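K.L.:
This structure is in structure tokens; I'll ask about it shortly.
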Amino acid sequence: VQQRPLADRSPDELAAFLEAERAAHERLVAAGLRLDLTRGKPSSEQLDLSNGLLAGLAGPDDVRDRDGVDVRNYGGLEGIAELRELFADLLGVTPAQVAAGGNSSLVMMREVLVDLWLHGGVDSERPWGREERVRFLCPVPGYDRHFTLLDWFDIEMVPVPMTADGPDAAEVARLAGSDPTIKGMWVVPTYANPDGSVVSHEIAEALASMETAAPDFTILWDNAYALHHLTDDEHASADVLGLCAAAGHPNRAIMFASTSKITFAGAGVAFLAGSADTVAWYTRHLGKGAIGPDKLNQLRHVRFFGSADGVRAHMRRHREIIAPKFDAVRRVLDAELGGLGIASWTEPAGGYFISLDVMAGTAARVIALAKEAGVALTPAGSSFPHGDDPDDRNIRLAPTFPSLDDVEAATRVVATCTRLAAAEQLVGG
Ligand code: PMP
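So the sequence shown is numbered by UniProt numbering: it starts at 6 and just counts up by one.
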């Protein structure tokens, strides 16, 4: 049964609602919970799916890649051929367009920005660091670490709205088309962090083909959740590199991905993909500070998966573990907040997050109330540049790490705090 919208209730009814929610919150505080819905980490059960990696390679005879290279030694900056081939298939690019590196794609993103800053990209007229001003379009809500990374460079962040099909392409084209200080943008194309949206072919095409005032406008296409489906509706990522090449901007997009949420978040493999020129540009700069990646770990990953289909099957086992946690969040939010007219939330078909919009002006209060009740939530505004959510409304929920019971209990707390904060605001108390 849906509850009646708070907006339709009389002052007396609202006062009673507020009292009831205060009491419910006090009971939760007294229960002394200690739960955490903050970071999108795989659970131990998910990590266990990849324990086959711990056995490592078959033994001392299994230390050569298919080209006969001893993976224990230096060399091979772009990563071993068979792993690049395997992930090229999964990412919808050619092996020559992929470099396989260390364990973190976020580190690769930082490297790319450092290279752009010091030397400029393939299409740059000068290093970005010599520009008077560098600005970047940031679809919001978005990934907090993308924003703190830009902030570290003093790159000015210009928020643009997200839609159900990815960034608002018309707004992006308007800004990037007229302002040469706008050098690029973030895109999390598949099951975005945090709103779960998937960039449609049309939006990808618009971003790939738009005219930009900066000749070296760069799309950092962070496909961290390309393979992380939660339903049978397995969304394919738009072919951004193909679209960019077809539109005459072959170097515009640089793609990133990793096995952080496929095998081990701390010991996986990260990938960069782009035009052949972009990959050569990246490895040329990489070579100034590296002689080669951990090829042994790359070979272990090849042996563990066997094929691209091996990865796809592995992702279904992840789904079996985490889909029930996403379902639990949805069930509790539906039951406890449905109909009240004070909150809305995403129902992602993949990825690691649910984005909850509470009543404007109450997100920070909800998070503080949840903390009192022992539930840690990502700080208010995390999904916005400089932590500034202008409406104080967005809360990112990350249900993968805690147990199913804990996810359910934590979501109940979130729901109670959402109701209490809304009632406080409506009653003005
Ligand atoms: N990009 C996005 C959108 C993410 O959500 C995350 C992890 N939270 C990362 C990148 C981090 O990737 P990696 O572990 O490969 O550094």
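The beta-carbon is built from N, C-alpha and C at its ideal position, and this holds for glycine as well. Predicted model only: the values in this text are computed from it and were never measured.
#1: Whose beta carbon lies closer than 6 Å to any heavy atom of the ligand ATP, going through the chain in order?
#2: One question on the structure: do L87 and A104 come within less than 8 Å of each other, judged by their Cβ atoms?
#3: Leaving out five residues before and five after R305 in sequence, what residues of the same chain have Cβ atoms less than 8 Å from its Cβ?
#4: Per DSSP, H234 is paired with what?
#5: What's the call for Y196, buried or exposed, on a 16-neighbour Cβ count within 10 Å?
#6: Say whether the segment 138-146 touches the segment 255-268, bearing in mind that this needs 3 or more beta-carbon pairs closer than 8 Å, one atom from each stretch.
#7: Does DSSP put I208 in a helix, a strand or coil?
#8: D244 to A209, Cα distance in whole Å?
#9: Report, in whole angstroms, the separation of the C-beta atoms of A174 and A219, which I expect to be a contact under 8 Å.
#10: Which value, in whole angstroms, describes the spacing of the CA atoms of G126 and V284?
#11: Given a cut-off of 8 Å, decide if L54 and H323 are closer than it, judged by their beta-carbon atoms.
#12: When DSSP labels each residue in this structure, what does A104 get in the three-state scheme?
#13: Under the three-state reduction of DSSP, which class applies to I347: helix, strand or coil?
#14: Take the Cβ of A241 as the centre, count every other Cβ of all protein chains shown within 10 Å, and call the residue buried at 16 or more, exposed below.
#15: State the DSSP-derived secondary structure class of E83, mapped to helix, strand or coil.
#16: In the DSSP assignment, the alpha helix (DSSP H) including S110 goes from what residue to what residue?
#17: Just tell me which of S214, S183 and G147 has its CA closest to the CA of V192.
#18: Going by the CB atoms, is the gap between V432 and L19 shorter than 8 Å?
#19: What did DSSP end up calling residue 443 once you bin it into helix, strand or coil?
P.N.:
In terms of the structure at hand:
#1: Annotation note on the ligand ATP: not contained in the displayed structure, which lists the ligand PMP as its ligands.
#2: Within the sequence shown, the letter at position 82 stands for residue 87. Within the sequence shown, the letter at position 99 stands for residue 104. In the sequence as displayed, the identity of residue 87 is Glu instead of Leu. No.
#3: As a working mapping, residue 305 is identified with position 300 in the sequence shown. L58, G61 and L62, listed in sequence order.
#4: On the sequence shown, position 229 is the one that residue 234 refers to. Looking at the DSSP assignment, H234 forms a beta bridge with G355.
#5: Here residue 196 refers to the residue found at position 191 of the sequence shown. The residue is buried, with at least 16 neighbouring Cβ atoms inside 10 Å.
#6: no
#7: Stepping through the sequence shown from its first residue, residue 208 is reached at position 203. Residue state, collapsed to three classes: helix.
#8: Working through the sequence shown from its first residue, we reach residue 244 at position 239. Working through the sequence shown from its first residue, we reach residue 209 at position 204. About 8 Å.
#9: By one-based count along the sequence shown, residue 174 stands at place 169. By one-based count along the sequence shown, residue 219 stands at place 214. About 17 Å; that fails the 8 Å criterion.
#10: Taking the sequence shown and counting its residues from 1, one reaches residue 126 at position 121. Taking the sequence shown and counting its residues from 1, one reaches residue 284 at position 279. Cα-Cα distance, rounded: 11 Å.
#11: Translated into the one-based positions of the sequence shown, residue 323 becomes position 318. Translated into the one-based positions of the sequence shown, residue 54 becomes position 49. Against a cut-off of 8 Å, the Cβ pair of L54 and H323 comes out as a contact.
#12: Within the sequence shown, residue 104 is the residue found at index 99, counting from 1. Looking at A104 - three-state DSSP - the assignment turns out to be strand.
#13: As a position in the sequence shown, residue 347 is number 342, starting the count at 1. In this structure, I347 counts as coil in the three-state DSSP scheme.
#14: On the sequence shown, residue 241 is found 236 positions in, with the first residue counted as 1. Exposed, by the Cβ-count rule.
#15: Here residue 83 corresponds to residue number 78 of the sequence shown, with the count starting at 1. E83: coil per DSSP, three-state reduction.
#16: In the sequence shown, the residue the question calls residue 110 occupies position 105. S110 to H124 is the extent of the alpha helix (DSSP H) around S110.
#17: The count along the sequence shown starts at 1 and reaches residue 192 at position 187. Minimum Cα distance to V192 is reached at G147.
#18: Here residue 19 is taken as the residue at index 14 of the sequence shown, counted from 1. Here residue 432 is taken as the residue at index 427 of the sequence shown, counted from 1. Yes, they are a contact pair.
#19: Residue 443 is absent from the structure shown; the chain starts at 6 and stops at 434.
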